[in-house]
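Contents: one structure, followed by commentary.
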Amino acid sequence: MLISATMSSTLYSIRMRASRCGEHISGAERIVRCEELDALSAVLTRRALAHPKGEPDDIRITIETVDPAAIVHLPLPDITTVVVADVASGRLAARQELLRAGVSATAVEQTMAALGSGCAMRGAMLVDAQSGARLEPDPLRGVRVSRMDLTAAAAAELHALLSPRGLDNPHVREALVLAAKVRATPGFVAELCWSDDPDYSAGYVSSPQRGYVRFPWLKPLGDPRGGRAFFVDCRHFDLAAALEWLERTPVLCDRVSAIHPDESPTT
Ligand code: COA
Ligand code: AMP
């Protein structure tokens with residue numbers, strides 16, 4: 000989209016988080032121009048008030064300028080759906096996808112057990128893809144990826160790509176942006192996620208070889224237990240640099256990749 004000469008070209012990171020009695024309910028963020036802040040504050044407030052996890056008693060909106068020179072532009076990952084019929088086959092297919100990406104069987108089993116345990120984290124686990132050891136400084140908090148969005152042109156392209164497949168929802172759009180940033184981390188091997196939103200049963204594995212591979216069932220509907228894990232190759236991984244990249248560096252995804260035909264799980 001062309002920015003008119005009368006409009007400011009300053010960009011802002013706008014972030015919303017909603018909680019009740021100190022418990023996190025929802026969060027969302029965008030990177031936008033000054034002119035969009037007003038309307039977007041209202042959109043994010045409405046979103047905070049309408050979450051399936053219930054009504055918040057605290058809504059925070061944070062707005063900060065973003066240094067345009069610091070913005071990194073990235074493509075979104077390719078998208079594939081592996082059509083699984085239930086949670087058991089979804090988890091099995093996700094395991095296979097992680098093994099295929101180069102995560103060891105030990106790391107897969109340990110991480111999936113931790114994800115299903117219901118021990119809610121405030122971010123993602125950072126896991127050594129070989130040993131399964133946890134690498135993040137605070138294992139209760141985890142690593143929280145932030146400061147990311149799509150350009151307006153990429154958002155329109157993504158809408159056109161996802162709509163005919165019935166996939167144009169905030170879960171898929173936002174997970175794609177997050178996965179694009181995470182997979183650009185040096186040493187990245189794979190990501191595993193299923194949502195803690197009780198109304199959303201799908202999850203995904205992202206990897207450099209296959210992109211974003213979604214499974215319609217990785218947990219039962221009604222289950223509020225979710226989580227996320229980033230698997231890394233410690234030989235090529237620098238923890239401090241990765242935290243700075245994932246949590247602080249602004250990213251705009253400006254290219255949409257392909258949607259591949261649906262797949263059946265391999266046995
Ligand atoms: N779960 C639990 N607590 C959370 C949380 C989460 N997902 N996100 C924020 N909080 C709470 C924590 O107490 C946190 O303190 P901590 O850093 O000690 O954990 C506190 O809020 C402040 O978090 P911070 O990240 O500094 O707030 P922020 O206002 O800058 O950004 C979010 C908040 C939620 C927008 C941002 O962290 C985020 O997750 N962005 C990605 C949103 C997104 O696209 N999600 C979709 C992924 S599929
Ligand atoms: P969600 O897809 O938003 O339901 O989140 C699923 C899980 O991912 C949560 O339980 C958190 O553990 C983790 N998570 C949520 N937001 C982030 C983030 N911004 N960065 C990393 N992990 C996150």
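Be aware that the sequence shown starts at 0, since it is given in numbering that gives the first Met the number 0, and climbs by one per residue. Every residue, glycine too, gets a C-beta built ideally from N, C-alpha and C. All values reported here derive from a predicted model rather than from experimental measurement.
In this structure, Thr79 is the residue among Pro55, Ala17, Leu43 and Thr79 with its C-alpha nearest to the C-alpha of Gly202. One thing to note: Leu73 has its Cβ no nearer than 8 angstroms to the Cβ of Cys233. Within the stretch 51-111, the runs of beta strand (DSSP E) that reach at least 3 residues and sit entirely inside it are, in chain order, 57-65, 71-74 and 78-80. With respect to Leu157, Leu149 sits close: the two C-beta atoms are nearer than 8 angstroms. Under the three-state reduction of DSSP output, His235 falls in the helix class. A distance below 6 angstroms between beta-carbons, with the five flanking residues on each side excluded, links Lys52 to the following residues of its chain, in chain order: Ile24. Secondary structure of Arg19 (DSSP, three-state): strand. The Cβ atoms of Val142 and Leu245 lie closer than 8 angstroms to each other. Under a 10 Å Cβ-count criterion, Thr61 is classified as exposed, with fewer than 16 other Cβ atoms of the shown protein chains found around its own Cβ. Per DSSP, reduced to three states, the secondary structure at Trp216 is coil, with no helix or strand assignment. For the pair Arg94 and Val107, the Cα-to-Cα distance works out to about 7 angstroms.
At least 8 angstroms separates the beta-carbon of Ile30 from that of Thr44. Its Cα nearest to that of Cys20, the residue Pro55 stands out among Pro55, Gly131 and Phe187.
Judged by the Cβ position, Glu173 qualifies as a neighbour of ligand 1 at the 7 angstroms threshold, a heavy atom of the ligand being closer than this. Exposed is the label assigned to Asp66, since fewer than 16 other Cβ atoms lie within 10 Å of its Cβ.
Not one heavy atom of ligand 1 lies closer than 7 angstroms to the C-beta of Ala228. By the C-beta criterion, the stretch 185-200 is judged to be in contact with the stretch 211-231, since at least 3 inter-stretch pairs fall below 8 angstroms.
Ranked by Cα distance from Val126, the options Val83, Tyr11, Glu190 and Ala153 are led by Glu190. Taking a cut-off of 8 angstroms on C-beta distances, the stretch 223-232 touches the stretch 114-128, as three or more cross pairs fall below it.
For Val171, the uninterrupted alpha helix (DSSP H) run begins and ends at Pro169 to Arg182, by DSSP. Contact annotation: Ile258 and Arg164 have beta-carbon atoms nearer than 8 angstroms. The beta carbon of Glu173 is closer than 8 angstroms to those of Ala27 in its chain, skipping five residues each way along the sequence.
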